[in-house]
Every structure is written in structure tokens, then in C-alpha cells.
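Student:
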Amino acid sequence: MSIVQFKNVTKEFGSIKVLTNVDLEIHKGEVVVLIGPSGSGKSTLLRCINSLERINGGDLIVDGISVHDGKNKVRLIRQEAGMVFQQFNLFPQLTALQNVACGPRWVRRLQRREAEELARDLLKKVGLLERADHFPAELSGGQQQRVAIARALAVKPKIMLFDEPTSALDPELRHEVLRVMQSLAEEGMTMVVVTHEIGFARKVGTRLIFMEGGKISVDGDPKVLLDNPENPRLKDFLQHVH
Amino acid sequence: MELDWSVVATALPELLAGARITIVIALIGLFGGSAVGALAGLCRVYGGIILNAIAFVYVEVIRGTPMLVQVMFIYFALPLLVDIRIDPFLAAVIAVVINSGAYIAEIFRSALLSINKGLSEAGLALGMPGWKVLTNVVGPLALRRVLAPLGNQFIVSIKDTSLFIVIGVAELTRAGQEIMATNFRAVEIWSAVAVLYLIMTGVLSFLLRVTEKRMRVL
């Protein structure tokens, strides 16, 4: 069953075409890894899914709702599509616990106590329960990103979007974030991940998409594609990221 | 020349009465000015074309003209234009509201724009409506950044109330001027007036420092 459907989607920034006639169907339970050179449109494609970027042409349907259905419907899409950012973007005035609890409280309208109980469960899941009362500035990058994952999960999304979640992290902190993402995938969460972590794509990904110039140029099984990239530009790209 | 500081003691009740009026004008004026400024600042950032343009013109006109001219206009010209009587005290309060509002609008605008865009995106991505992102995420952070420049503007506005001498409001500077006219003790009286202003601004800046310390600026 498809949860995200791009139908002939185009996206322009001024006169620059960032996505050109993209057709893509993402199914429940898939872990789609998006790779490609910078400027190829992979982050934009991800951000279109939860309407942080508005598409200029075509249609995009998320969990049965079109991004053209108006403000209120777009908010529903965003509740179903959790997002994790490269720069974490935790709310600095709130503790880790409050960051995770704010979605349930402000969006799902849970009582404070229920929201904080849920937040504690999620912090435990990402291994940060003992850091619940710390402010973001008191946490390492890897810890902040794990809190950000918990915050996105707290709204109970059906799909998780990751926009280069480990790119701002030191190499030794990446694995703790990747491990959380892997366990999420193992639980059956549908995920779309923009990343340069080829190891993650091979180990966790169920589908690999290579983008260039605003188009999807390769789409297939990560293990097959990574072991034997037939597309010469994908082959070239992989040699540079390895 | 010989100084006679006892004249200050004699004049003190009148000076304090003037200081009281200064404080009342500044208090009401800055309260109104903060409200007007916050609103105009919000319009500049989130207002859409029309509200943004109105706020922009307001800020530019007020910032671009001397406060003295604004006071004269409100007190002498406005009654001719719209056929109403404005008493000096009201004119003074309106002048502070309008004048400080324009500067405070810029303070709010820059504070709102200084908040990392990623934070509002994070709020929106959770499914929060735009107004909730403003009240729960961007607003609380911007308020912390508003504090220091807002305090600065408050101090400027307190001192600017001395301009109301020209429309005959019995504020502190006017009180000093009137006492001076009867006893010609310029050094003593203007020193006393200056000290009273210093006390008012000093108390305000102390309160601001305390508030800033209690609020973690992020």
C-alpha cells in the first residue's frame, strides 16, 4: 500500500528547476535511502513530502491527503510525517523532555502528565532517559539528534523523514544516531532518509534512489545497486563518497 | 560664585511633583508604545503585503522626523485638522506611544527575524499551526532578545519626556524651568533635575539587569 505518491511533481526556486516531473511511489514499511550529489534535489524532494516546500506542479499525496488540500490538511500530513533535520532544531528554551512532550501537548492535545509519560518512554527508547531534564545546549550533537528523533516520534507519525541526520555530527557520534534509526526500521517504520551513509543504505535500506539534476535516475535494491552499480554516474558518485 | 544648595530642598516638592508626571507619562506612554511596537513589528514580519506596508510607512515617518516636531504636530496641528481639543498631558502620552512604538517595532522585527528559521520549521513539521509556532516557539525566544534593546528605548523615552516643556506639561524639566525663573539658581536646580532623571533611569536599568539575569537569553 502506498503512503507517499509523487505524481509528475515539479518544484522551482525562482527560475531554477529543482525537481522536474518526479514520479515516485513509496510503500508502507519501506526504508528509502535518497542519495545524490549536492543540488540534485534530494532534500527538496524530502521537504516537499511534509510541505515545508510547496510544489509548483503535479500532485503529491501523503497518506491519502493531497498537499493541495489546504492549510488544515497540510497540518494533518505533517502530523503523519515526522521530520528529523540536519541541524536538530531542538527548541533551546525547553528541556529534552519538554521538547519531546511538546508535540503531543500542542498538536495531539494530550494532558501534560500523559504527554510527559509518553516523552519519557520515547527518551528511554533512544537511550536518553537520564538526560530528560537537560537543555539542548547541555547535550552532545548525537544526543540532541536522538532527542529530535524522539520528538518527531512523539506525534505518532506513520512515516519518518530524515534530512541528512548525521551530516552535522562527528564521526564517533554518528553510530548512536544510526543505531536508533536502524531499530526504528526494524520495528517496521516507513522511512525516507537523505544521507551519505552508504553503510546504512546497504544494511538498513530496502530501496535506494539516486538523484541527479532534479530527477530520479536510479531506483532499486540497495545491495544490488551498491555492489554492482551499472549506471556510470552512480558508480562515479559512489567512488567519491566511499 | 556661591552655591546655595538649600534652594534644592525648598524646590524639592515641586520637582518631585514634576518627576511624578514624567514617570506617569513615560509609564503609560511606554506601555502603549510597547503594544503598538509589538503589533507593528509582527506586521512587518508576518503581516502580508498590506499590513507590512502600513507598518513600514509608520516606522519610517516616525523615525525620520524629530520628536519635537511630532509633539508640536499632535498638540497644535492635529486639533486644527480634526477639530478636537487635546490637553497637553494627553498629547504628551500620545507622542510617547507613537514615537517609542516606531522604534520598538524595529526591535521586535529584528528579534523575530533573528530566531533560527529551522526552529519554526521544526514546529511546523510537528503539525503545529503557524500562530502556535509563534506563541510557543518563536515568541518566547524573541522576547528574550527584545529585553536589552527595549530597556535602552525605555531610557531614551524617559529622557525624551523633557521635550514636553514646549507644550506646557508640568513634567520635571518644566518644573525645573519654572523654579529657575523665580530664584535664578541655575546650577543648583539643573543639577537637582539631572540627578532626579538619573535616579529614574538608574532604577529602570537596575530592574532590567535583574530581569535579564533571571531570564536565560538563548
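If you read the protein sequences in the order shown, they are chains A and B.
Note that the first sequence covers residues 4 to 245 in the numbering used here.
Note that the second sequence covers residues 548 to 765 in the numbering used here.
Positions of the beta carbon are idealized from the N, C-alpha and C atoms, including for glycine.
(1) Give the range of the beta strand (DSSP E) segment to which M163 of chain A is assigned.
(2) Considering E215 of chain A, what are the terminal residues of the beta strand (DSSP E) in which it resides?
(3) Within the segment 77 to 159 of chain A, note down every full alpha helix (DSSP H) run reaching 4 residues or more, in order along the chain.
(4) When burial is assigned at 16 or more other CB atoms within 10 Å of the CB, is V616 of chain B buried or exposed?
(5) Does L761 of chain B get closer than 9 Å to chain A when you measure Cβ to Cβ?
(6) So, is the C-beta of I165 of chain A closer than 9 Å to a C-beta in chain B?
(7) Run down chain B in chain order and give the residues with a C-beta less than 8 Å from the C-beta of V110 of chain A.
(8) Taking Cβ-Cβ distances shorter than 7 Å, what residues in chain A pair up with G594 of chain B?
(9) By how many angstroms is the C-alpha of G580 of chain B removed from the C-alpha of V644 of chain B?
(10) By Cβ distance, which residues of its chain are closer than 8 Å to E561 of chain B, with the 5 residues on each side in sequence left out?
(11) Taking a cut of 7 Å between CB atoms, which residues from the segment 83 to 102 of chain A lie near chain B?
(12) Thinking C-alpha only, which one of B:A638, B:L694, B:E668 and B:L751 is nearest I572 of chain B?
(13) In the structure shown, what three-state DSSP assignment does G715 of chain B receive?
(14) What does DSSP give as the partner residues of D222 of chain A in its beta bridges?
(15) Around the Cβ of K14 of chain A, are there at least 16 other Cβ atoms within 10 angstroms (buried) or fewer (exposed)?
(16) Please identify, using Cβ separations under 9 Å, the residues of the segment 55 to 73 of chain A that lie next to chain B, in order along the chain.
(17) With a CB to CB cut of under 8 Å and the five nearest residues on each side skipped, what residues in its chain are close to Q90 of chain A?
(18) Let's test the definition: count the other Cβ atoms within 10 Å of the Cβ of K746 of chain B and tell me whether it reaches 16, buried, or not, exposed.
(19) Count Cβ pairs between the segment 607 to 625 of chain B and the segment 655 to 669 of chain B that sit closer than 8 Å; are there 3 or more?
(20) Taking 9 Å as the cut-off, decide whether the C-beta atoms of T193 of chain A and M163 of chain A are in contact.
(21) For the segment 127 to 134 of chain A against the segment 71 to 87 of chain A, are there 3 or more C-beta pairs whose distance is under 8 Å?
(22) Should I568 of chain B and V750 of chain B be called a contact, given that it needs their Cβ atoms to be closer than 9 Å?
(23) What residues of chain B sit near G106 of chain A, judged by a beta carbon separation below 7 Å?
(24) Excluding the 5 residues flanking N683 of chain B on each side, which residues of the same chain have their C-beta closer than 8 Å to its C-beta?
(25) Would you be able to state if there are at least three C-beta pairs under 8 Å between the segment 212 to 224 of chain A and the segment 176 to 185 of chain A?
(26) Put V35 of chain A into one of helix, strand or coil per three-state DSSP.
(27) May I ask which residues mark the beginning and end of the beta strand (DSSP E) holding S170 of chain A?
(28) Count the CB pairs spanning the segment 645 to 657 of chain B and the segment 587 to 600 of chain B that are closer than 8 Å, and state whether there are at least three.
(29) Does any CB atom of chain B fall closer than 9 Å to the CB of V129 of chain A?
(30) Taking 9 Å as the threshold (C-beta atoms), are P168 of chain A and V263 of chain A in contact?
Tutor: On the basis of the supplied data:
(1) That run of the beta strand (DSSP E) goes I162 to D166.
(2) R210 to E215
(3) 99 to 109, 115 to 128 and 144 to 157
(4) Burial is judged here by how many other beta carbons sit within 10 angstroms of a residue's own beta carbon; V616 of chain B has fewer than 16 and is exposed.
(5) It should be noted that the sequence gives Arg, not Leu, for residue 761 of chain B. Not closer than 9 Å to any Cβ of chain A, the Cβ of R761 of chain B fails to qualify, so no.
(6) Note on identity: in this sequence residue 165 of chain A is Phe, with Ile being the wrong assignment. Cβ-Cβ to chain B under 9 Å: no for F165 of chain A.
(7) Within chain B, the residues near V110 of chain A are L673, G674 and M675.
(8) Residues of chain A with a Cβ closer than 7 Å to the Cβ of G594 of chain B do not exist, since the nearest Cβ in that chain sits about 18 Å away.
(9) 4 Å
(10) A722, E725 and I726
(11) M86, F88, Q90, N92, F94, P95 and Q96
(12) B:A638
(13) The DSSP-derived three-state label of G715 of chain B is coil.
(14) A:I212
(15) buried
(16) L55
(17) A171
(18) Rather than Lys, the amino acid found at residue 746 of chain B in this sequence is Ile. I746 of chain B comes out exposed.
(19) no
(20) yes
(21) no
(22) Taking 9 Å as the cut-off, the Cβ atoms of I568 of chain B and V750 of chain B do not count as close.
(23) L673
(24) G670 and M675
(25) The segment 176 to 185 of chain A, when compared against the segment 212 to 224 of chain A, does not touch it at the 8 Å Cβ threshold.
(26) Three-state DSSP puts V35 of chain A in a strand.
(27) It is not in any beta strand (DSSP E) - S170 of chain A carries neither H nor E in the DSSP assignment.
(28) yes
(29) no
(30) As shown, chain A starts at 4 and ends at 245. That puts residue 263 of chain A outside it, with no answer to give.
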